[in-house]
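Participant: Quick one: structure below, then a few questions.
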RNA sequence: GGAGACGUCGCAUAGUCUGGUCGAGUGCACCACCCUGCUAAGGUGGAGUCCCGGGUUCCGGGACCGAGGGUUCAAAUCCCUCCGUCUCCGCCA
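Numbering (this note's numbering), first residue to last: 307 to 728.
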C-alpha cells in the first residue's frame with residue numbers, strides 16, 4: 307500500500323508514477339475522493355459514538371427508578387450509531403479498494419514504458435565459442451539423463467519433469483552453493499511454507515498483478531506460493547521489528563508453483579518454464595533510507611553467484627510497466643543461452659520500499675521509544691532450477707559432456723564434468 | 001476425524017457464572033524521578049497499537065480483551081460462526 311499522507315500532499319508524484327507504469331492515472335483521484343469520504347464518515351460515526359458512550363455512563367450512574375426514562379430517551383441513538391458505523395466501514399472499504407488501484411511509486415531512474423523498454427546496465431562475460439554444434443539443454447538433459455520430461459508429463463502434465471541422477475544432484479549442489487554464500491553474507495536460512503493464507507498473499511501484492519499465475523486451493527481458501535518471497539514477507543507481518551542492529555536478511559529455500567497461464571506455446575521445451583521448481587531467495591527488511599543501497603547489495607550477491615557458476619549475463623533495469631505492483635525498481639540478470647542466441651532471466655531483485663510492509667503491517671522504531679514507521683522490504687533470487695539450463699548449455703563440451711564450474715564441484719563429490727558414462 | 005479445555009494491555013495472570021463503578025486489577029520485566037547508599041531494597045509516577053480532528057517536544061475524540069457477526073440503551077462479560085493453542089481418543093505416507 308502506498309503512503310496515504312504522501313498521496314494527499316503530492317498527488318502529482320503518483321500520477322506521474324502511474325503514467326510511467328502505463329497504469330491507471332485516474333486511480334489517484336478516485337483514491338483522493340474516497341479518502342475524503344472515508345474521513346467524513348468516520349468523524350460522523352465517532353461523534354455519535356462519543357455521545358452514546360457518555361449516555362451509557364449516565365444510565366449506569368442514575369438511580370434505579372430513573373433508568374427506564376433515560377433508556378427510552380436514547381433508544382433511537384443506538385440505531386443512528388449503528389448506521390453511521392456501517393457507513394464508515396463501507397467508506398473505509400471503498401477507500402481501500404481505491405487506494406489498492408495505485409501501485410508503488412516508481413523510483414527515479416526507472417525507464418518508462420512496458421516489457422520491452424528496459425535498459426541494459428552492463429554485459430558481463432564472454433559468450434562461449436563452440437567449435438561444434440551445441441546441443442540445447444533438452445538434448446543434453448536426455449543424453450546425460452539429467453531429467454525425465456516424458457514421465458513428468460505422464461504423471462503431472464505439461465511443464466512438469468523429474469530431475470534424475472546428476473540432474474537432481476546438480477540442482478541440490480546449486481542451491482547449496484547459494485545457501486552457503488547467503489549464510490556467509492549473514493543471511494538467516496529459512497525453509498518456508500509454500501501454502502499461505504489470503505491476507506499474506508494479498509499483502510505481498512501478487513493478487514493484483516499476478517493473480518492468474520497463482521494456484522488457488524479452493525477447498526481451503528489458500529494459495530500455493532510462486533516464490534518464498536510471499537512467506538518471507540509474511541514472516542514479520544503485523545510485527546514491530548528491531549532494526550537497531552542492522553537489516554534482517556533471510557535466505558528462503560522453497561519449492562515454487564506457477565500456473566504459467568497465458569504462456570501457452572512459449573518455452574514448451576525442457577525445464578525453462580515449468581509449473582514447479584526450487585529456488586533460493588534473498589529477502590531483506592531494512593530501513594527506508596537504506597533500501598536503495600541494499601538493492602545494490604542484493605544485485606551484487608546475485609552477480610557473485612553468476613560468477614561462481616561462470617555464466618555470461620547481462621543486467622537490465624526493468625521498465626516501470628513491467629514492475630510488479632509492489633516494486634519501485636527491479637533489476638534482472640539474464641544469462642546467455644547459446645542455442646537460443648538470447649538472454650534469459652535467471653534472477654530478479656526488487657526494491658519494494660515501504661509498499662509491502664505497509665500492507666503487511668511490518669514496522670520499526672527509528673528512535674528508541676519513538677513512533678513506529680513502515681520498514682522497507684527487498685527481495686532477490688540467488689538460484690533456481692532454471693539455472694541448470696544456462697549451466698548445461700554454456701558449459702557443454704564437444705564430447706557431449708558438461709563441465710562443472712569449480713565452485714560447484716565440492717557439492718558434487720568433486721567431479722569435473724558430467725559425462726554420458728557417469 | 002471425535003471429545004474437552006483455553007485464547008485478556010511485553011511475559012504471567014485476575015475479571016466472564018451474576019452485562020454498567022473495567023477509564024481492564026495484580027505480579028514480573030521496562031523507563032523516569034525520589035529516597036537510600038554501593039553490584040541490593042523501598043517509594044512515586046509513566047508506559048501499547050491504530051485511526052480522525054485541531055495544533056506540532058501537545059490537546060480532544062474513536063477503535064482494539066484471538067477474528068467476524070448477533071442480542072442490548074450498554075458487551076472482555078451473554079449467543080453464533082470461524083481461526084489458533086493444549087489434552088485425550090481415533091487415523092496415518
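Yeah, the Cβ is synthetic: ideal placement off N, Cα and C, and Gly gets one too.
Please report how far the alpha carbon of residue 462 lies from the alpha carbon of residue 521, in whole angstroms.
Facilitator: If you take the alpha carbons of residue 462 and residue 521, they lie about 14 Å apart.
Participant: Would you list the one or two residues that DSSP bridges to residue 562?
Facilitator: DSSP, once it has assigned bridges, lists 583 as partnering residue 562.
Participant: Please confirm if the region 527-547 is in contact with the region 467-481, defined as three or more CB-CB distances below 8 Å between the two stretches.
Facilitator: The region 527-547 vs the region 467-481: no contact.
Participant: Please report how far the alpha carbon of residue 338 lies from the alpha carbon of residue 356, in whole angstroms.
Facilitator: Approximately 27 Å between the Cα atoms of the pair.
Participant: Under the three-state reduction of DSSP, which class applies to residue 367: helix, strand or coil?
Facilitator: If DSSP states are grouped into helix, strand and coil, residue 367 belongs with the helices.
Participant: Between the alpha carbons of residue 315 and residue 341, how many angstroms are there, rounded?
Facilitator: Rounded to the nearest angstrom, the two C-alpha atoms are 13 Å apart.
Participant: Could you please give the first and the last residue of the uninterrupted alpha helix (DSSP H) stretch that includes residue 615?
Facilitator: Unbroken run through residue 615: none, as it is neither H nor E.
Participant: Taking residue 704 as part of the beta strand (DSSP E), name the residues at either end of that continuous run.
Facilitator: Here residue 704 belongs to no beta strand (DSSP E), and DSSP marks it neither H nor E.
Participant: Applying the 10 Å Cβ sphere with the 16-neighbour rule, what's the burial state of residue 558?
Facilitator: Buried, because 16 or more other Cβ atoms sit within 10 Å of the Cβ of residue 558.
Participant: Relative to the alpha-carbon of residue 431, which residue among 563, 619, 565 and 484 has its alpha-carbon at the smallest distance?
Facilitator: Among 563, 619, 565 and 484, the Cα nearest to that of residue 431 belongs to 619.
Participant: Quick check on residue 724: buried or exposed, where buried means 16 or more other Cβ atoms within 10 Å of its Cβ?
Facilitator: Residue 724 comes out buried.
Participant: Can you list, in chain order, the residues of its chain with a C-beta nearer than 8 Å to that of residue 547? Leave out the 5 residues immediately preceding and following it.
Facilitator: Within the same chain, residue 547 has close Cβ partners 554, 591, 668, 669, 670 and 681.
Participant: On a CA-only basis, which of 397, 623 and 691 is nearest residue 412? Give me that one, please.
Facilitator: That would be 623, whose Cα lies nearest to the Cα of residue 412.
Participant: Which word fits residue 654, buried or exposed, when buried means at least 16 other C-beta atoms lie within 10 angstroms of its C-beta?
Facilitator: Buried.
Participant: Are there three or more Cβ pairs, one per stretch, closer than 8 Å when the region 646-661 is compared with the region 680-696?
Facilitator: Yes: at least three Cβ pairs fall under 8 Å.
Participant: Which residues mark the beginning and the end of the beta strand (DSSP E) in which residue 545 is found?
Facilitator: 545-547 is the span of the beta strand (DSSP E), which, as asked, contains residue 545.
Participant: May I have a chain-ordered list of the alpha helix (DSSP H) segments no shorter than 4 residues that lie completely inside the region 310-365?
Facilitator: List check, alpha helix (DSSP H) in window: 310-315 and 317-326.
Participant: So does the region 387-406 actually touch the region 580-589, counting three or more Cβ pairs closer than 8 Å?
Facilitator: Contact between the region 387-406 and the region 580-589 is absent, because fewer than three Cβ pairs lie under 8 Å.
Participant: Relative to the C-alpha of residue 351, which candidate in 424, 394 and 317 has its C-alpha closest?
Facilitator: Cα-wise, what sits closest to residue 351 is 394.
Participant: Apply the 10 Å Cβ neighbour rule to residue 638 and answer buried if 16 or more other Cβ atoms are within range, or exposed otherwise.
Facilitator: With 16 or more other Cβ atoms within 10 Å, it is buried.
Participant: Quick check: residue 621 and residue 605, are their CB atoms within less than 8 Å of each other?
Facilitator: Yes, these two residues count as a Cβ contact at 8 Å.
Participant: Quick one, are the C-beta atoms of residue 529 and residue 497 less than 8 Å apart?
Facilitator: Contact: no.
Participant: What are the partner residues of residue 528, as DSSP defines its beta bridges?
Facilitator: Its beta-bridge partners are 523.
Participant: To the nearest angstrom, report how far apart residue 573 and residue 607 are at their CA atoms.
Facilitator: If you take the alpha carbons of residue 573 and residue 607, they lie about 28 Å apart.
Participant: How would you call residue 665, buried or exposed, if buried means at least 16 neighbouring beta carbons within 10 angstroms?
Facilitator: Flag for residue 665 reads buried.
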